[in-house]
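Report on the structure given below.
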Amino acid sequence: MTGAEFHGVDIDLLADYAGGALDGTPEAERVAALIAADPAWQEAYSVLAPQMAAVGALLGELPAETMPEDVAARLDAAFAAAGAPDPARPATDAVPGTVQDLAGRRRTRGNHRWLRFTAPIGIAAGAVALLGYTLARPQTASEDSGSAPEAVPAMGGVMVAATPATTLNTGTDYSLGTLGQSRKGGPEAPLSAPDDISSAREPESALARLRLPDALLDCLTAIARQNGGGAISAESVDYARFDGQPALVVQFTAANGQWIWASGTDCGLPGGGADTLGSVPVR
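Residue numbers are given in UniProt numbering: position 213 of the sequence shown equals residue 213, and the series is strictly consecutive.
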């Protein structure tokens with residue numbers, strides 16, 4: 001799989017970024033800038049990051065595996081040969097050490113051993129295949145209109161671990177390029193707001209529904225499902241705009257990182273999903 005097949009996105013570089021291999025390098029900053037500014041990179045990252053998080057979670061649930069019997073036998077033989085006295089060397093007093101009985105520590109697990117060895121490979125291959133299919137398939141008219149089904153299935157359980165501690169009404173008109181720049185003050189800083197809060201415009205009446213606690217929770221749950229990184233902890237919400245449309249801008253943390261997410265007025269409604277207008281990771 002190459003980036004040339006998917007709108008010029010370097011999939012290998014993006015996978016390194018999503019997996020944390022580029023953390024602390026100039027390449028990480030370059031990829032983050034591409035994700036923030038280029039819709040193709042953002043789309044690829046939004047598909048790849050949740051799948052990698054899901055694979056990591058599944059791998060973490062696998063039990064520790066014992067060494068295969070044939071490998072252990074070869075190691076036992078090698079250790080025994082290495083410990084045998086060399087007739088060409090004079091005998092010397094040696095301090096006896098503690099010898100571990102490797103054979104006694106092994107447990108027989110039959111065919112389940114090989115299933116556990118091959119399962120992670122199958123999971124990872126499935127994630128990559130899903131990424132390729134999602135990026136390569138043509139969009140339908142319903143998907144272009146924003147009514148596409150969520151790409152990542154619900155992971156079950158409670159999807160909102162913490163509701164927002166900060167509520168803003170900035171009326172800011174964000175774009176994909178500025179959405180990621182709204183968080184510059186560290187993990188505890190809220191989304192940017194005008195210096196004179198009293199002069200900020202009130203959000204459109206279309207967002208009034210999302211001020212109701214139940215509706216807001218439904219919206220946050222839909223965002224968590226769309227994000228695909230498990231339960232989210234929402235840090236702040238801003239009743240604002242995105243590309244001129246009324247939008248709820250949410251800053252949250254999930255298993256797949258920190259995100260700033262803009263959702264439209266249908267967020268949380270039946271059939272509306274997260275009504276995603278734009279989203280960017282925070283690195």
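Heads up, the beta-carbon is just placed ideally off N, CA and C, and yes, glycines get one too.
Assign residue i to buried or exposed, taking buried as 16 or more other Cβ atoms, counted over all protein chains shown, within 10 Å of its Cβ.
i: Phe242; result: buried
i: Ala81; result: exposed
i: Val71; result: exposed
i: Leu62; result: exposed
i: Gly230; result: buried
i: Ala18; result: buried
i: Thr265; result: buried
i: Pro213; result: exposed
What does a CB cutoff of less than 7 angstroms around residue i pick up in its chain, not counting 5 residues either side in sequence?
i: Ile35; result: Trp41, Gln42, Tyr45, Val280, Pro281
i: Ala77; result: none
i: Leu210; result: Leu216, Cys219, Leu248, Cys267
i: Gly24; result: none
Do residue j and residue i count as a contact pair if the criterion is CB distance below 7 angstroms?
i: Gly278; j: Leu176; result: yes
i: Leu248; j: Val160; result: no
i: Pro246; j: Leu207; result: yes
i: Arg283; j: Ala49; result: no
i: Ala28; j: Leu22; result: yes
Quick one: what does DSSP say residue i is sitting in, helix, strand or coil?
i: Asp173; result: strand
i: Gly228; result: coil
i: Val237; result: strand
i: Gly271; result: coil
i: Ala255; result: coil
i: Pro281; result: strand
i: Val160; result: strand
i: Pro39; result: helix
i: Val47; result: helix
i: Ala247; result: strand
i: Leu168; result: strand
i: Ala262; result: strand
i: Thr276; result: strand
i: Pro190; result: Confidence at Pro190 is low in this model, with a pLDDT of 43, below 50, so the placement of that residue should be treated as unreliable; the coordinate-derived value is given next. If DSSP states are grouped into helix, strand and coil, Pro190 belongs with coil.
Keeping to the same chain, check which residues put their C-beta closer than 8 angstroms to that of residue i; ignore five residues upstream and five downstream.
i: Ile223; result: Ile232, Val250, Phe252, Trp261, Ser263, Cys267, Ala274, Thr276
i: Thr178; result: none
For residue i, which residues from the same chain have a beta carbon less than 6 angstroms from its beta carbon, with the 5 sequence-adjacent residues on both sides left out?
i: Thr172; result: Ala240
i: Gln258; result: Val282
Three CB pairs or more closer than 8 angstroms across the segment 243–254 and the segment 221–235: The segment 243–254 makes contact with the segment 221–235: 3 or more CB pairs, one atom from each, lie closer than 8 angstroms.
Segment contact, 8 angstroms Cβ cut-off, at least three pairs: the segment 258–273 with the segment 162–170: The segment 258–273, when compared against the segment 162–170, does not touch it at the 8 angstroms Cβ threshold.
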